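Asker: As they're listed, the protein sequences go chains A and B. Here the first sequence is numbered in numbering that gives the first Met the number 0, starting from 0 and rising by one per residue. Here the second sequence is numbered in numbering that gives the first Met the number 0, starting from 0 and rising by one per residue. The beta carbon of each residue, even a glycine, is placed where N, CA and C say it ideally should be. The structure presented is a predicted model; accordingly, all values stated were derived computationally and were not measured. Pasting in a structure now, in structure tokens, and then I'll have a few things to ask.
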Amino acid sequence: MRKIYSRINEITGNVVTVNADNIKYGELAEITSAHGKSLAEVIRLDGEKVSLQVFSGGRGVSTGDEVKFLSRPMQVSFSDNLLGRIFNGRGEPRDNGTHLTENMIEIGGPSVNPSKRIIPRNMIRTGIPMIDLFNTLVESQKLPIFSVSGEPYNELLARIAMQAEVDIIILGGCGLKYDDYLFFRETLEESGSLSRSIFFVHTAADPIVECLMVPDISLAVAEKFALKGKRVLVLITDMTNFSDAMKEIAITMEQVPSNRGYPGDLYSQLASRYEKAVDFEGAGSITILAVTTMPGDDVTHPVPDNTGYITEGQFYLRNGRIEPFGSLSRLKQLVNDKTRDDHRALMDGMIKLYANYKETLEKKAMGFRMSDWDDKLLKYGVLFEDELMALSVNIPLEEALDKGWEILAKCFTREETGMRTDLLNKFWPKSEG
Amino acid sequence: MTNIGSVIGVNGNMVSVQFEGDVSLNEVAYVVVGDKKLKSEVIRIKGSRAEMQVFEITKGIGIGDKVEFTNDLLSVELGPGLLSQIYDGLQNPLPQLAEQCGFFLDRGVYLQPLNRDKKWKFTPHVKPGDSVARGDTLGTTPEGIFTHRIMVPFNMYDNYKVKSIVSEGEYTVDHQIAEVEDDKGNVYPLTMTFNWPVKKAIDIFIERLKPVEPLVTQSRIIDTLFPVNLGGTFCIPGPFGAGKTVLQQLTSRYAEIDIVIIAACGERAGEVVETLKEFPELLDPKTGKSLMERTIIICNTSSMPVAAREASVYTAVTLAEYYRQMGLNALLLADSTSRWAQAMREMSGRLEEIPGEEAFPAYLESVIASFYERAGIVKLRDGSIGSVTIGGTVSPAGGNFEEPVTQATLKVVGAFHGLSRERSDARRYPAIHPLESWSKYKGLIDVRKTDYLRKVLFRSDEIGQMMKVVGEEGTSLEDYIDYLKGEFFDSVYLQQNAFDPVDVAASAERQLYILDKLLIIILTHYDLTDKETSRSFFNQMRQKFLDWNGSKFQSDEFKKIEAELQEMIDANRRESKEEIKEKFDKLFSDN
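Set out below in structure tokens:
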């Protein structure tokens with residue numbers, strides 16, 4: 000039996016209140032107003048009073064509008080038909096395709112039993128040396144991309160979406176600029192990767208409540224694919240918009256804010272999404288890469304700060320490059336000993352030399368005299384930045400390793416690199432001595 | 000008769016209930032949703048309306064849903080078989096749950112914490128007619144490497160006479176092992192298990208003692224500079240990525256203690272998994288048994304329900320106290336107490352309490368204080384000594400120690416191991432800041448030595464700061480050598496390589512031994528003519544000392560490197576051996 004009510008008592012922001020009985024927490028309702036229909040979700044029950052957050056926003060909702068309860072929580076269709084499709088935050092098509100209603104699944108399900116988790120063991124190749132070589136992405140890892148607005152983080156995500164060696168890409172857009180949405184669509188279409196991708200996109204112009212749905216809906220679908228044995232990579236941009244949407248709703252609901260207006264449960268809310276990253280024993284996996292823009296380049300802002308405590312490392316995007324300092328993949332140790340003998344040593348050695356280069360740059364800026372060693376470092380730094388760090392570089396790990404040796408050989412003698420002798424014998428380019 | 004109520008409101012994980020009859024604070028109740036019963040705890044009562052925190056996802060709860068009150072406070076089950084278990088915050092065994100439910104944590108499924116089928120070899124220690132009281136030993140059973148005392152349940156407050164007791168033999172935990180009778184003639188049957196409410200400290204002992212005996216963690220910076228004693232408390236605050244969890248993991252492995260209880264409270268599941276998978280394979284060097292045999296893991300990771308996170312630290316500390324009652328030393332490692340405090344904040348917000356600083360509840364400090372106060376070393380009624388040591392990590396927002404949880408914790412703990420971002424960025428692990436951290440305990444090392452070393456560090460840091468301004472050129476050679484000595488101490492002693500199989504754990508014996516060598520190196524005046532040679536001298540010394548750290552204590556290699564170190568000192572010292580010895584004795588010797 001569906002229950003219909005035609006009296007809304009309160010409308011504040013995106014939240015409306017009706018008097019109704021026999022309603023379940025988390026249930027969906029449909030509100031029909033002069034401007035069309037919208038879904039709404041029950042977010043608080045207090046005796047007869049039922050508070051609903053309206054997906055399309057509270058604007059234009061009238062006290063006389065009809066509220067129809069659907070006796071079911073938020074669901075999304077799940078099947079292979081999702082592949083290549085683009086949806087909005089409610090799970091409705093954005094690409095003029097057919098409406099999918101088969102095999103509905105609930106979103107925001109329970110968390111994985113920790114005793115069923117396994118230690119991650121497979122790397123995900125992306126073709127980006129700064130990731131593959133220096134901060135390897137590992138299956139079932141959750142990593143944010145910390146970035147200032149204006150950095151090419153969406154370009155980076157699109158590159159990863161095209162190149163990453165996984166079965167399925169799910170792109171969740173939270174508060175995406177429309178241009179960026181088009182950029183993602185076109186880039187993936189051109190590269191032919193759209194057929195293995197699913198988009199759930201909330202653009203900045205869409206109602207804010209839908210933004211809250213995007214991570215849950217993306218991850219619910221990812222989870223089902225993973226259970227069917229697929230390796231799924233979930234890309235989300237941008238989690239700061241998601242957090243801001245949460246803040247907006249929390250303040251509307253008169254919750255006590257904790258830090259810079261964000262609700263006290265920000266950590267738990269973010270964690271319950273990020274922790275969906277998992278490697279199922281005997282089935283597939285979910286890996287999460289999520290852009291977190293840092294307001295004012297401040298890593299202690301509540302969103303990046305809480306994120307840092309949840310995720311397994313982070314990528315810093317700065318000046319159009321993935322910064323080697325500060326960026327960290329906590330799980331890389333689990334896989335980079337199985338790639339090639341020189342992987343770890345080269346990773347550490349090149350970064351150490353790059354740190355020396357940075358020091359030399361400082362010295363140079365202060366007007367100190369440059370020694371021979373300094374000149375070598377300066378040459379090295381430039382080569383490193385252009386041939387490995389630039390985001391345009393697209394080579395597999397093995398080539399990147401070879402490239403690394405080549406750069407070292409161009410700038411230094413064997414001893415100056417500080418590498419172990421057995422590695423030097425094996426990998427030092429023959430032609431340069 | 001059980002009390003019944005009905006749901007009148009739902010807000011996040013808080014449910015309001017209308018009830019009749021009597022309900023007590025912290026009583027457990029179940030919300031009936033369809034065929035599932037969701038465990039909850041009463042956290043506020045006003046008239047006939049009770050507010051409850053639900054330990055599960057609240058989706059699908061409706062107005063009018065039935066609530067069953069249980070009359071019991073939130074409790075844990077105590078008895079043999081707790082060790083090597085993996086529980087969630089409510090003492091649900093997770094591996095068994097996985098067998099039943101698969102990959103996901105289905106809500107409303109509660110399993111019994113202890114194995115019901117396993118038989119324990121019980122040896123009675125009392126005979127009919129003996130008088131006993133709560134906490135007294137009725138008999139024992141071996142649990143792994145420990146002797147597990149089967150005690151009179153802690154919640155039986157009278158004096159009793161043993162009416163009957165089973166003879167030596169193998170019994171399950173539910174088997175009746177004894178009957179006791181109070182003075183009024185009531186007879187109580189006893190099994191090997193009983194329940195105890197988690198939020199109440201177990202208080203059966205003659206007296207609390209002062210923590211004086213050092214707890215050896217085998218981490219040099221802790222044991223030498225910032226020691227922790229058995230029955231003491233310590234906290235590890237630090238920004239993300241500074242290595243809090245790694246430090247806790249190392250402590251859980253190498254600490255010389257009987258029982259380790261790990262409370263993974265609101266942190267990453269991945270980190271717990273490492274412990275879960277690696278511990279069973281790691282051997283405890285002392286006993287030769289798997290580390291898991293001395294460990295209990297309470298695992299309520301960040302995506303598991305928040306209310307159960309709040310309960311998990313109490314569950315953990317209660318289990319620690321239980322083993323303390325057997326005359327054992329238990330160490331509780333809680334990672335992280337900030338997540339626990341945040342769980343309280345979430346609940347407080349839902350209760351619409353007036354918020355304190357950063358929206359934490361006003362009672363935050365007293366709750367944290369009473370939690371850490373559950374640590375302690377006690378003299379039990381049979382004269383044996385048991386202890387609970389508590390170490391908690393704190394995850395301050397933005398790495399800023401001024402925030403309420405860190406400050407509230409600092410007020411009550413005995414040692415502060417502050418991790419610093421600069422040290423972790425410089426890969427100086429463990430990243431405990433040697434100048435900012437402190438400990439109120441007296442550790443294994445002579446205080447005169449640690450004071451001396453602290454001065455060396457302080458001086459070195461001072462010169463380092465100065466050098467940033469005036470450059471190396473503007474620093475005198477003497478100062479420069481002092482600076483190098485401080486850096487040397489830091490890199491060969493305070494830093495420890497967690498990936499090196501030997502260096503990862505330094506025994507107390509080894510620390511005492513190499514510290515004296517180190518003091519000699521630092522005390523000595525050298526014939527060093529300029530900064531370049533000084534730097535290279537200390538670099539060589541450092542390399543040699545690090546090799547020494549990587550060699551097994553008192554092995555041939557150890558002795559060889561030691562001799563080489565001595566040669567290097569001898570080749571460069573300005574003073575005679577006797578002069579150095581005299582200096583050393585004057586500073587540190589008792590005569």
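If we count Cβ pairs, one from each stretch, closer than 8 Å, do we get three or more for the stretch 124 to 144 of chain A versus the stretch 307 to 322 of chain B?
Answerer: no
Asker: For Thr528/B, which three-state DSSP category applies?
Answerer: coil
Asker: By the 10 Å Cβ neighbour count, where 16 or more other Cβ atoms means buried, how is Trp339/B classified, buried or exposed?
Answerer: buried
Asker: Does the stretch 331 to 347 of chain B come close enough to the stretch 389 to 406 of chain B that 3 or more CB-CB pairs lie under 8 Å?
Answerer: yes
Asker: In its own chain, which residues sit with a C-beta less than 6 Å from the C-beta of Thr136/B, not counting the 5 before and 5 after it?
Answerer: So the qualifying residues of the chain are His124, Arg148 and Met150.
Asker: Counting only Cβ pairs nearer than 7 Å, list the residues of chain A close to Asp105/B.
Answerer: Pro109
Asker: Closer than 9 Å by beta-carbon distance: list the chain A residues that pair up with Arg422/B, in chain order.
Answerer: Those do not exist, as Arg422/B stays about 15 Å from chain A at its closest Cβ, beyond 9 Å.
Asker: Under 9 Å Cβ-Cβ, which residues of chain B neighbour Phe279/A?
Answerer: Phe102
Asker: I'd like to know whether the C-beta of Asn112/A is nearer than 9 Å to at least one C-beta of chain B.
Answerer: yes
Asker: How would you label Phe54/A, buried or exposed, when you count the other beta carbons within 10 angstroms and need 16 or more for buried?
Answerer: Classified as buried, Phe54/A has 16 or more neighbouring CB atoms from the shown chains inside 10 Å of its CB.
Asker: Compare the C-beta of Phe239/B with all C-beta atoms of chain A and state if any pair is closer than 9 Å.
Answerer: Interface residue, yes.
Asker: Taking the C-alpha atoms as reference points, what is the distance between Tyr177/A and Arg43/A?
Answerer: In this structure, the alpha-carbon of Tyr177/A lies about 33 Å from that of Arg43/A.
Asker: I'd like to know whether the C-beta atoms of Asp105/B and Met303/B end up nearer to each other than 9 Å.
Answerer: no
Asker: Can you list, in chain order, the residues of its chain with a C-beta nearer than 7 Å to that of Gly432/A? Leave out the 5 residues immediately preceding and following it.
Answerer: A caution first: Gly432/A carries a pLDDT of 44, below 50, which makes its placement in the model unreliable, though a value can still be read off. For Gly432/A, where only same-chain residues beyond five positions count, there are no Cβ hits under 7 Å.
Asker: Assign Ser347/B to buried or exposed, taking buried as 16 or more other Cβ atoms, counted over all protein chains shown, within 10 Å of its Cβ.
Answerer: In the assembly as shown, Ser347/B is a buried residue. Its beta-carbon has 16 or more other beta-carbons within 10 Å.
Asker: Below 8 Å, can you find three or more Cβ-Cβ pairs linking the stretch 336 to 347 of chain A to the stretch 276 to 284 of chain B?
Answerer: no
Asker: Using a Cβ cut-off of 9 Å (strictly closer), state whether Gly397/B contacts chain C.
Answerer: Protein chains A and B are contained in the structure displayed, whereas chain C is not.
Asker: Spell out the partners DSSP gives Gly390/B in its beta bridges.
Answerer: Phe233/B and Leu332/B
Asker: Against chain A, does Phe592/B count as a neighbour if the rule is that its beta carbon must be under 9 Å from one of theirs?
Answerer: In the structure as shown, chain B starts at 0 and stops at 590, and residue 592/B therefore has no counterpart that could be examined.
Asker: First and last residue of the alpha helix (DSSP H) that includes Ile462/B?
Answerer: Val446 to Val469
Asker: Three-state secondary structure (DSSP) at Phe583/B?
Answerer: helix
Asker: So, for Phe557/B: in the same chain, excluding its five sequence neighbours on each side, which residues have a beta-carbon less than 8 Å away from its beta-carbon?
Answerer: Answer for Phe557/B: Trp547, Ser550 and Lys551, listed in chain order.
Asker: Given Glu9/A, which residues of its chain have a CB within under 7 Å of its CB, disregarding the five upstream and five downstream residues?
Answerer: Val15 and Thr16
Asker: The beta strand (DSSP E) that contains Trp119/B, what's its start and end?
Answerer: Trp119 to Pro123
Asker: Can you name, in chain order, every residue of its own chain whose Cβ lies under 6 Å from the Cβ of Glu169/B, other than the five neighbours on each side?
Answerer: Lys118 and Lys120
Asker: Would you kindly report the start and end of the unbroken alpha helix (DSSP H) that includes Asn424/A?
Answerer: Thr420 to Phe426
Asker: Please work out which residues of its chain come closer than 7 Å, Cβ to Cβ, to Arg93/A, disregarding the five sequence neighbours upstream and downstream, and give them in chain order.
Answerer: Ile85, Phe86, Asn87 and Val200
Asker: I need the boundaries of the beta strand (DSSP E) containing Asp34/B, first residue and last residue.
Answerer: Counting along the chain, Asp34/B sits inside no beta strand (DSSP E), nor does DSSP assign it H or E at all.
Asker: What whole-angstrom Cβ distance do Glu357/B and Asn305/A have, given they're in contact under 8 Å?
Answerer: Their Cβ separation, rounded to whole angstroms, is 13 Å, which puts Glu357/B and Asn305/A out of contact at 8 Å.
Asker: Among Lys410/B, Asn10/B, Leu24/B and Leu81/B, which has the Cα closest to the Cα of Lys23/A?
Answerer: Asn10/B
Asker: Less than 9 Å between the beta carbons of Ser242/A and Val302/A, yes or no?
Answerer: yes
Asker: From the DSSP output, in three-state form, read off Met51/B for me.
Answerer: Three-state result, Met51/B: strand.
Asker: Would you identify the three-state DSSP class for Leu81/B, choosing helix, strand or coil?
Answerer: coil
Asker: Cα-Cα, which of Asp336/A, Lys378/A and Arg58/A is closest to Cys410/A?
Answerer: Lys378/A
Asker: Identify the contact partners of Ile60/B in chain A, using a Cβ-Cβ distance below 9 Å as the criterion.
Answerer: Near Ile60/B (Cβ distances below 9 Å), the residues of chain A are Lys23, Tyr24, Gly25 and Leu44.
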